[in-house]
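Engineer:
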Amino acid sequence: MEYTFTAANFEEEVLQSELPVLVDFYADWCGPCKMMGPVVEKCAEAYAGKMKIGKLNVDDNMAIAQKYRVVSIPHFIVFKNGEPAVTFGGAMSEADFRQKLDQVLA
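Numbering (numbering that gives the first Met the number 0), first residue to last: 0 to 105.
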């Protein structure tokens, strides 16, 4: 299942989560974000129960994007115990994307 993160649920769903959480910082107008959409959705299913995976629209949640210094999108941050553990960005293959997620779970 893919989550939708917002300013209203970020604290509870991301920062207080017992599972690691991948946040996909994106915008609807972003071409590379659209390219990564299917990869993120596939991984949300594949990693269910091991990691929460969801999206945060930077246009609608600018304060959160600024807090974590998101200056280009797509931008991905994996939070572990409420803190950023791994940060990466840009379009990439599904294999490369999974490798980044596996680093956190190792």
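Cβ coordinates follow ideal geometry from the N, Cα and C atoms, glycine included. If you're wondering where the values come from, they're calculated on a predicted model, not measured in any experiment.
Counting C-beta neighbours from all protein chains within 10 Å, is the total for M34 16 or more, i.e. buried, or is it exposed?
Structural biologist: Counting from one through the sequence shown, the residue named residue 34 turns up at place 35. The Cβ neighbour count for M34, taken over all protein chains shown within 10 Å, is under 16; the residue is labelled exposed.
Engineer: Under a three-way DSSP split, which group does E1 fall into?
Structural biologist: Counting from one through the sequence shown, the residue named residue 1 turns up at place 2. Three-state DSSP puts E1 in a strand.
Engineer: Answer with buried or exposed for G30, where buried requires no fewer than 16 other C-beta atoms within 10 angstroms of its C-beta.
Structural biologist: By 1-based counting over the sequence shown, the position of residue 30 is 31. So G30 ends up on the exposed side.
Engineer: By DSSP's criteria, Y25 is part of a beta bridge. Which residues make up the other side?
Structural biologist: On the sequence shown, residue 25 is found 26 positions in, with the first residue counted as 1. Y25 pairs with N56.
Engineer: Does DSSP classify V69 as helix, strand or coil?
Structural biologist: Here residue 69 refers to the residue found at position 70 when the sequence shown is read from its first residue. It is coil, neither helix nor strand.
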